[in-house]
Structures are given as structure tokens and as C-alpha cells.
Amino acid sequence: MTSHLDGNVLAGTLSELTGTDPSRTMSQCLGCRDVAPLAAELVFGTPDAWVVRCRLCDDVLLVVLHHEETTRVTLDGVRWWTDLG
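In C-alpha cells:
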């Protein structure tokens, strides 16, 4: 099995994009409906392409892609995302 990091690896990137602290966010998996903080999710990849998977069902929650000066985030597997701050 490929080793993974936790969601904290994306804190800097996501805070630059959203203007909020991602460590204070919660989201719900579209697949299994698990609710968890970003830090609890499984992150695979490199700084150019991160894939975040649900800690329970392994569905893809979000993808972060960096290309040149552009960062793109898809949230296709997230039912909702909220800032608790």
C-alpha cells in the first residue's frame, strides 16, 4: 500500500486559496457520509498533485493541482465543507 500523509500537509495551500484556517474545517464525505476534519483524511501525492481520500471509505474527497502559477481544487467527493472558526 502507498504511504500517505494527513490533511495538515494542505493547510498552507488551502489557507492561501480560501483565506481561512483549514485546520478549523469539517467536511462530509459524499460516499459514506462520514464527517471529519481535514487533518483526519488521507492525502497522497506530491506538492504538484494531491489527492485527499476519505479516512473510512477511501473515496476521493478533493484534488489539489498546481500548474505554474495556478492552483485548482476540486471538491467532487465532498457533500459539504464548513469553517468552525
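Sequential numbering of the sequence shown, starting at 146, is according to the numbering used here. From the three backbone atoms N, C-alpha and C, an ideal C-beta is built for every residue, glycine too.
Which residue's Cα is closest to the Cα of residue 206: 214, 213 and 184? Translated into the one-based positions of the sequence shown, residue 206 becomes position 61. For the residues 214, 213 and 184, the minimum Cα distance to residue 206 belongs to 184.
Starting from residue 162, follow the alpha helix (DSSP H) in both directions and report where the run begins and ends. Along the sequence shown, read from residue 1 onward, the residue named residue 162 stands at position 17. Per DSSP, residue 162 belongs to the alpha helix (DSSP H) from 156-163.
Through-space distance from residue 148 to residue 165, alpha-carbon basis: Residue numbering aside, residue 165 sits at position 20 when the sequence shown is read from its first letter. Residue numbering aside, residue 148 sits at position 3 when the sequence shown is read from its first letter. Taking the straight line from one Cα to the other gives about 28 Å.
CB residue 224 to CB residue 174, shorter than 8 Å? For this step, residue 224 is matched to residue 79 along the sequence shown. For this step, residue 174 is matched to residue 29 along the sequence shown. Their beta carbons are under 8 Å apart, which means residue 224 touches residue 174 by this criterion.
Considering residue 190, what are the terminal residues of the beta strand (DSSP E) in which it resides? Within the sequence shown, residue 190 is the residue found at index 45, counting from 1. Run containing residue 190: 187-191, per the beta strand (DSSP E) assignment.
Would you mind sorting residue 157 into buried or exposed? The rule is 16 or more other CB atoms within 10 Å of its CB. To locate residue 157, count along the sequence shown from 1; it is residue 12. Only exposed fits residue 157, as fewer than 16 other CB atoms lie within 10 angstroms of its CB.
Between the C-alpha atoms of residue 195 and residue 209, what's the straight-line distance to the nearest angstrom? For the purposes of this step, residue 195 is taken as residue 50 along the sequence shown, with counting starting at 1. For the purposes of this step, residue 209 is taken as residue 64 along the sequence shown, with counting starting at 1. Between residue 195 and residue 209, the C-alpha separation is close to 5 Å.
Would you decide whether residue 180 is buried or exposed? Buried here means 16 or more other CB atoms lie within 10 Å of its CB. As a first step, residue 180 is located in the sequence shown; it is residue number 35 there, counting from the start. The residue is exposed, with fewer than 16 neighbouring Cβ atoms inside 10 Å.
Given a cut-off of 8 Å, decide if residue 222 and residue 204 are closer than it, judged by their beta-carbon atoms. Taking the first residue of the sequence shown as position 1, residue 204 is located at position 59. Taking the first residue of the sequence shown as position 1, residue 222 is located at position 77. Yes, they are a contact pair.
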